[in-house]
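Asker: For the record, the sequence lines run as chains A and B. Anchor point for the first sequence: position 16 equals 23 in the working numbering, and the numbering is continuous, going up by one each time. Anchor point for the second sequence: position 203 equals 210 in the working numbering, and the numbering is continuous, going up by one each time.
Number of protein chains: 2
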Amino acid sequence: MAPALAALLGDGWRRPGEASHALADALRALVVDGRLAARTRVPSERALSAELGVSRGSVSRAYDRLREDGYLLSARGAGSWLTLPAGAGAGPVAPPLPDATAVDPAPLDLSIAALPAPDPLLADAAARAAAALPRHLAGHGYAPAGLMELRAAIAARLTARGLATAPEEVLVTAGAQHALHVILGLMAGPGERVLVDAPAYPRSLAAIRAARARAVPVPLGEDGWDVGAWEDTIRAAAPRLAVTVADFHNPTGLTMKAAARAALATACARAGTVLVVDETTAELRLDGPPLPPPLGSFGPPGAVITVGTMSKSAWGGIRVGWIRATARTVRELAATRATVDMASPVLDQLLAVELLARWDDVLASRRALLKDRRAALHAALREHAPEWSARRVHGGLSLWARLPSPNATTLAAAAAREGILVVPGPAFSVDGTFERHLRLPFSLPPEDLERAVARLAAVGAEVAGAASARDEAGLATAI
Amino acid sequence: MAPALAALLGDGWRRPGEASHALADALRALVVDGRLAARTRVPSERALSAELGVSRGSVSRAYDRLREDGYLLSARGAGSWLTLPAGAGAGPVAPPLPDATAVDPAPLDLSIAALPAPDPLLADAAARAAAALPRHLAGHGYAPAGLMELRAAIAARLTARGLATAPEEVLVTAGAQHALHVILGLMAGPGERVLVDAPAYPRSLAAIRAARARAVPVPLGEDGWDVGAWEDTIRAAAPRLAVTVADFHNPTGLTMKAAARAALATACARAGTVLVVDETTAELRLDGPPLPPPLGSFGPPGAVITVGTMSKSAWGGIRVGWIRATARTVRELAATRATVDMASPVLDQLLAVELLARWDDVLASRRALLKDRRAALHAALREHAPEWSARRVHGGLSLWARLPSPNATTLAAAAAREGILVVPGPAFSVDGTFERHLRLPFSLPPEDLERAVARLAAVGAEVAGAASARDEAGLATAI
């Protein structure tokens with residue numbers, strides 16, 4: 008237990024000064040962003056102390072602190088386990104923890120990369136969906152694979168984007184997260200390996216952990232996917248699945264080149280590894296070169312499974328996504344899905360049909376917002392955090408900012424205490440790496456982005472200053 | 008592999024005559040009703056032949072038959088595995104299988120216990136929900152625990168039914184199936200035990216299998232729950248969870264008496280076994296004595312988790328259910344749920360709020376339909392199948408009919424070939440038992456119930472006749 012926890016913590020949590028504070032922050036971040044499930048038992052103080060090479064007193068004080076803040080429960084004879092206090096929401100991208108002492112009742116939430124709905128498009132579509140509902144009321148309402156009219160509309164959209172698809176090759180899901188969960192349920196058993204990017208979307212990693220499969224990370228290079236590293240990992244680990252985001256990768260914003268698409272699809276197909284491509288943000292292209300054809304259009308039939316959703320392109324409050332696979336795999340996934348949650352609601356599916364009928368307008372409204380907000384975020388970073396670097400992205404919803412020092416967890420914890428929620432880099436890893444990174448969504452209004460970055464930069468300077476002051480103190484003591 | 012499959016098959020599939028036909032029917036039933044997942048590998052012919060004590064030729068012919076019908080795929084060097092052919096739907100209660108040769112394009116579907124929607128109540132509510140949506144469009148739309156107004160409405164309804172509940176003790180889910188799936192995800196790891204009734208709802212058993220937990224069945228008596236057997240099993244197996252349906256149990260229609268509620272809640276609480284009560288049909292009381300207080304109102308706080316849904320009381324096309332637990336457990340479940348599918352759709356939640364505002368009318372419309380249809384089903388059974396027995400139930404949606412001979416799988420397979428879908432008893436078991444039972448929903452219109460029972464009874468007489476003819480033939484040969 009202690010070695011597994013130490014592996015998950017990595018080394019990034021260590022910082023100068025009182026080790027118990029750093030350890031408590033790091034453990035709290037793990038449970039809040041879902042890298043450790045609620046009800047996970049923690050090792051004994053003695054075991055964790057030995058494993059991490061910190062004093063038993065530090066572990067003990069860290070546990071005490073977590074207990075006081077409501078993140079740890081203990082029972083005589085049963086040890087201690089992690090939990091969630093009141094106020095620790097279960098946000099979609101894992102807020103790094105509003106604690107009980109947060110002063111701002113309306114935090115600036117950079118933990119969620121999501122836009123408000125495209126109104127009045129959405130309200131109009133809902134009215135039309137409600138008007139269309141009576142056609143369906145004579146039936147029992149269950150359709151585990153989805154309403155045929157929605158499957159056809161999704162297939163038509165995929166076909167228009169360059170991925171020829173028939174309606175029976177589409178399974179309607181409750182979003183992309185649900186799609187991955189269902190795919191894992193059918194295809195990846197406990198202990199089986201799933202290749203993932205490093206960094207990768209935290210909830211994808213959480214879904215893999217929940218399936219008790221093993222995520223095998225392959226680092227993304229500065230310019231994108233390392234085909235050689237994928238091929239080596241596929242050979243060495245023989246993963247059942249590989250999961251990637253080829254268009255505006257979350258969190259890096261990278262887009263996979265056509266040659267890499269062809270090479271990865273081929274490498275996976277040859278090894279019998281099913282390549283799952285998450286197109287959550289694929290329709291949020293803002294500028295830059297045209298996208299290569301969808302990854303699903305490379306490789307032999309059945310080699311690639313494509314996952315998509317309306318959550319980012321339209322609105323998170325619609326829970327409609329899809330899986331595009333062979334008709335046989337769709338039938339098998341539908342049976343798995345029926346065990347998870349039976350079927351999608353009819354009214355929400357009709358809403359999706361209506362929105363797909365005006366899809367170009369929906370996307371145009373998203374792009375207009377995102378372009379402004381992306382510019383505002385870059386401007387705020389230039390002004391307030393000139394030492395942070397963040398590559399300009401051509402689409403998606405967020406930047407992957409690089410900090411001058413490896414203290415993202417500390418920074419996020421301190422920011423949360425001031426009412427700014429942001430997800431630190433290690434949430435995007437399986438081993439505590441990426442302490443030099445923060446994901447910064449540009450989905451908030453420009454004025455909120457400006458305020459948030461100004462305050463984040465100030466917090467960053469404070470924690471860096473505290474660290475170097477402590478460095479000096481530490482050195483002084485050590486002489 | 009072969010012993011596990013043999014255990015799942017039990018002995019009920021055996022019938023006189025060609026063993027390959029019986030074995031193929033039984034294996035097909037397993038994959039169609041979800042007792043075996045698609046992509047499950049089957050044992051070698053040699054191994055299964057040895058395990059079942061039938062000739063290798065019979066197993067070989069059974070596999071050939073499944074291959075021809077599209078239920079088995081084989082690849083050189085990789086063995087054979089189960090799959091679903093085109094036309095094998097993934098219905099909510101596991102249709103026992105429209106095969107490719109089915110003659111009737113519109114089968115009489117007794118596999119699904121569900122009503123059409125209460126129209127115009129539902130259409131009106133949808134229009135009001137669409138009108139209420141704009142209030143929510145400025146946010147990002149994600150609420151993993153559910154919209155507060157819906158949580159409050161559900162809490163109020165539970166409180167009115169005798170289970171005092173606060174809004175923060177309610178998690179909105181995508182129905183009861185999803186609720187159980189999320190509970191298992193948080194609370195039951197691979198290999199851990201879950202006490203279940205025998206018989207139990209097939210998809211509850213499937214959810215337990217998907218979590219790789221172990222269902223431990225406790226038989227229901229003629230009159231209900233055997234408190235002593237529960238206590239013994241809790242002592243012997245130390246299950247993490249126990250799952251039951253106390254009000255109009257699916258499939259038996261039994262209702263748990265108040266004394267048994269108190270005893271089971273106490274026994275579970277004492278052992279640290281969390282008792283999950285599925286109230287899917289609790290609001291569908293048609294007549295008979297008043298129900299005891301909800302099971303969740305017995306036992307110490309936190310001992311019982313209550314699951315409910317609008318699917319049966321209102322309509323299956325609404326995917327709104329709930330979990331009632333302590334506020335802490337609700338937060339932990341919300342985090343688990345966010346990993347499964349993030350959150351419920353806002354529009355469907357608003358629809359649920361509107362329906363709960365007219366809940367008495369909704370329930371009255373269901374009861375009126377169900378009373379008529381229950382009477383029609385009993386009348387049809389009296390007329391066409393006087394040798395079948397089915398206890399009158401006071402609520403819910405189905406009867407648990409007892410056949411004169413143990414041939415439910417054979418009967419269901421033969422009925423499917425004639426376009427009548429019905430779930431045989433073994434689907435409700437973990438070990439192939441209940442070959443003398445069929446679940447007969449009374450949710451179809453009276454005239455369909457009449458036709459279905461007439462044809463089922465005729466098929467039943469045929470398969471029984473064929474069996475006794477073969478018995479004689481077999482005897483003749485054996486002399």
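Beta carbons: idealized from backbone N, C-alpha and C, even for Gly. These figures come from a predicted structure and were not determined experimentally.
Looking at chain A, is there any beta carbon in it that lies within less than 8 Å of the beta carbon of B:E455?
Answerer: Here residue 455 of chain B refers to the residue found at position 448 when the second sequence is read from its first residue. Note on residue identity: the sequence assigns Asp, not Glu, to residue 455 of chain B. Closer than 8 Å: no.
Asker: Is the CB-CB distance between A:L170 and A:G309 below 8 Å?
Answerer: Taking the first residue of the first sequence as position 1, residue 170 of chain A is located at position 163. Taking the first residue of the first sequence as position 1, residue 309 of chain A is located at position 302. No; because the gap between Cβ atoms is not below 8 Å, this pair is not in contact.
Asker: For A:A3 versus A:P174, is the C-beta spacing smaller than 8 Å?
Answerer: Within the shown structure, residues of chain A are numbered from 8 to 486, placing residue 3 of chain A beyond reach of any answer.
Asker: Can you round the beta-carbon distance between B:G198 and B:R219 to whole angstroms, since I take them to be within the 8 Å contact cut?
Answerer: Taking the second sequence and counting its residues from 1, the one referred to as residue 198 of chain B is at position 191. Taking the second sequence and counting its residues from 1, the one referred to as residue 219 of chain B is at position 212. That belief holds up - the Cβ atoms of B:G198 and B:R219 are roughly 7 Å apart, short of 8 Å.
Asker: Ignore the nearest five residues each way along the sequence and tell me which others in B:G148's own chain have a CB closer than 7 Å to its CB.
Answerer: Position 141 of the second sequence holds residue 148 of chain B. The answer, listed in chain order, is V353.
Asker: Are the CB atoms of B:L410 and B:L445 nearer to each other than 8 Å?
Answerer: Within the second sequence, residue 410 of chain B is the residue found at index 403, counting from 1. Within the second sequence, residue 445 of chain B is the residue found at index 438, counting from 1. The answer is yes: Cβ separation under 8 Å.
Asker: Against chain A, which members of the region 307-341 of chain B pass a CB distance test of less than 8 Å?
Answerer: Correct list: S318, W322, G323, G324, I325, R326, V327, A334, R335, R338, E339 and A341.
Asker: Quick one, which residues of the region 157-177 of chain A are near chain B if we go by CB-CB under 9 Å, in chain order?
Answerer: Result list: E175.
Asker: Any contact of the region 263-279 of chain B with the region 289-296 of chain B, i.e. 3+ C-beta pairs under 8 Å?
Answerer: No: fewer than three Cβ pairs fall under 8 Å.
Asker: Assuming B:A341 and B:P125 make a contact with CB atoms under 8 Å, what is their CB distance in whole Å?
Answerer: What you label residue 341 of chain B is simply residue 334 of the second sequence in a count that begins at 1. What you label residue 125 of chain B is simply residue 118 of the second sequence in a count that begins at 1. That belief does not hold up - the Cβ atoms of B:A341 and B:P125 are roughly 30 Å apart, past 8 Å.
Asker: With DSSP collapsed to three states, give me the class of A:H444.
Answerer: The residue you call residue 444 of chain A lines up with position 437 of the first sequence. Correct three-state label for A:H444: strand.
Asker: Consult DSSP for B:P112 and reduce its assignment to one of helix, strand or coil.
Answerer: As a first step, residue 112 of chain B must be located in the second sequence, where it is residue number 105. Note on B:P112: pLDDT 46, under 50, position unreliable in the model; the coordinate value appears next. Here B:P112 sits in coil by DSSP.
Asker: Counting beta carbon pairs with one atom in the region 343-363 of chain A and one in the region 389-402 of chain A, are three or more of them shorter than 8 Å?
Answerer: Counting Cβ pairs under 8 Å, fewer than three are found: no touch.
Asker: Does the CB of B:S6 have a neighbour CB from chain A at under 8 Å?
Answerer: With chain B covering only 8 through 486, there is no way to say anything about residue 6 of chain B.
Asker: Report all residues from its chain with a CB closer than 8 Å to the CB of A:R365; omit the five preceding and five following residues, and keep chain order.
Answerer: Numbered from 1 along the first sequence, position 358 holds the residue referred to as residue 365 of chain A. Cβ within range, chain order: L128 and A132.
Asker: From this set, A:S51, A:V369 and A:L73, which residue's C-alpha is nearest A:R63's C-alpha?
Answerer: Your numbering for residue 63 of chain A matches position 56 in the first sequence. The shortest C-alpha separation from A:R63 is found at A:S51.
Asker: Closer than 8 Å, Cβ to any Cβ of chain B: which residues of the region 58-90 of chain A, in chain order?
Answerer: If the cut-off is 8 Å between Cβ atoms, the region 58-90 of chain A has T90 near chain B.
Asker: Could you tell me the alpha carbon to alpha carbon distance between B:T172 and A:A421, rounded to whole angstroms?
Answerer: Looking up residue 172 of chain B in the second sequence gives position 165. Looking up residue 421 of chain A in the first sequence gives position 414. Going from the Cα of B:T172 to the Cα of A:A421 covers about 36 Å.
Asker: Enumerate in chain order the residues of its own chain whose CB-to-CB distance from B:A33 is below 7 Å, with the five nearest sequence positions on each side excluded.
Answerer: Numbered from its first residue, the second sequence carries residue 33 of chain B at position 26. For B:A33, where only same-chain residues beyond five positions count, the Cβ hits under 7 Å are L16, W20 and T416.
Asker: Indicate whether B:D18 and B:G439 have their beta-carbon atoms separated by less than 8 Å.
Answerer: For the purposes of this step, residue 18 of chain B is identified with residue 11 of the second sequence, where counting begins at 1. For the purposes of this step, residue 439 of chain B is identified with residue 432 of the second sequence, where counting begins at 1. Their beta carbons are under 8 Å apart, which means B:D18 touches B:G439 by this criterion.
Asker: Looking only at C-alpha atoms, which of A:R135, A:R277, A:G153 and A:T346 sits nearest to A:A328?
Answerer: The sequence position of residue 328 of chain A within the first sequence is 321, counting from 1. It should be pointed out that residue 328 of chain A corresponds to Gly in this sequence rather than to Ala. Checked all of A:R135, A:R277, A:G153 and A:T346; the closest Cα to A:G328 is A:G153.
Asker: In terms of residues, what are the limits of the beta strand (DSSP E) holding A:D204?
Answerer: Walking along the first sequence from the start, residue 204 of chain A turns up at place 197. Segment R200 to A205, the beta strand (DSSP E) holding A:D204.
Asker: Tell whether a beta-carbon distance below 8 Å holds between A:P488 and A:T259.
Answerer: Residue 488 of chain A is absent from the structure shown; chain A starts at 8 and stops at 486.
Asker: With a threshold of 8 Å between beta-carbons, can B:V347 be considered close to chain A, or not?
Answerer: Indexing the second sequence from 1 puts residue 347 of chain B at position 340. Yes - at least one Cβ of chain A is within 8 Å of the one on B:V347.
Asker: Name the chain B residues that come within less than 8 Å of A:I119, Cβ to Cβ?
Answerer: Walking along the first sequence from the start, residue 119 of chain A turns up at place 112. The answer, in chain order, is H147 and Y149.
Asker: Please go through the region 327-373 of chain A and give each complete beta strand (DSSP E) segment of 3 or more residues, from N-terminal end onward.
Answerer: DSSP runs (the beta strand (DSSP E)) wholly in the region 327-373 of chain A: 328-331.
Asker: Could you give the DSSP three-state label for B:S249: helix, strand or coil?
Answerer: Translated into the one-based positions of the second sequence, residue 249 of chain B becomes position 242. Checking the sequence, you will find Ala at residue 249 of chain B rather than Ser. In this structure, B:A249 counts as strand in the three-state DSSP scheme.
Asker: Using the Cβ count rule (16 or more neighbours within 10 Å means buried), how would you classify B:A375?
Answerer: Looking up residue 375 of chain B in the second sequence gives position 368. Per the 10 Å Cβ criterion, exposed.
Asker: Please classify B:E176 as buried or exposed, where buried requires at least 16 other C-beta atoms within 10 Å of its C-beta.
Answerer: Here residue 176 of chain B corresponds to residue number 169 of the second sequence, with the count starting at 1. Per the 10 Å Cβ criterion, buried.
Asker: Chain B partners of A:P448, CB-CB under 8 Å?
Answerer: To locate residue 448 of chain A, count along the first sequence from 1; it is residue 441. Going along chain B, no residue has its Cβ under 8 Å from A:P448, so there is no contact; the nearest lies around 10 Å.
Asker: Output, in chain order, the set of chain A residues within a Cβ distance shorter than 8 Å of B:S197.
Answerer: As a first step, residue 197 of chain B is located in the second sequence; it is residue number 190 there, counting from the start. Per the sequence presented here, residue 197 of chain B reads as Pro, with Ser not at that position. What B:P197 touches in chain A: P197 and R219.
Asker: Along chain A, which residues have their Cβ under 9 Å away from the Cβ of B:A44?
Answerer: Here the question's residue 44 of chain B lines up with position 37 in the second sequence. What B:A44 touches in chain A: G192, L193, E339, A342, T343 and T346.
Asker: Excluding the 5 residues flanking A:P307 on each side, which residues of the same chain have their C-beta closer than 7 Å to its C-beta?
Answerer: Here the question's residue 307 of chain A lines up with position 300 in the first sequence. The residues are A276.
Asker: Looking at chain A, which residues of the region 124-135 of chain B have a Cβ within less than 7 Å of any of its Cβ atoms?
Answerer: Taking 7 Å as the Cβ-Cβ cut-off against chain A, the residues of the region 124-135 of chain B that qualify are A124, D126, L129, A130, A133 and A134.
Asker: For B:A420, would you say it is in contact with chain A, using Cβ-to-Cβ distances shorter than 8 Å as the test?
Answerer: The count along the second sequence starts at 1 and reaches residue 420 of chain B at position 413. So, not an interface residue.
Asker: Short check: CB of A:I312 to CB of A:A332, under 8 Å?
Answerer: Here residue 312 of chain A refers to the residue found at position 305 when the first sequence is read from its first residue. Here residue 332 of chain A refers to the residue found at position 325 when the first sequence is read from its first residue. Cβ distance < 8 Å, so A:I312 and A:A332 count as in contact.
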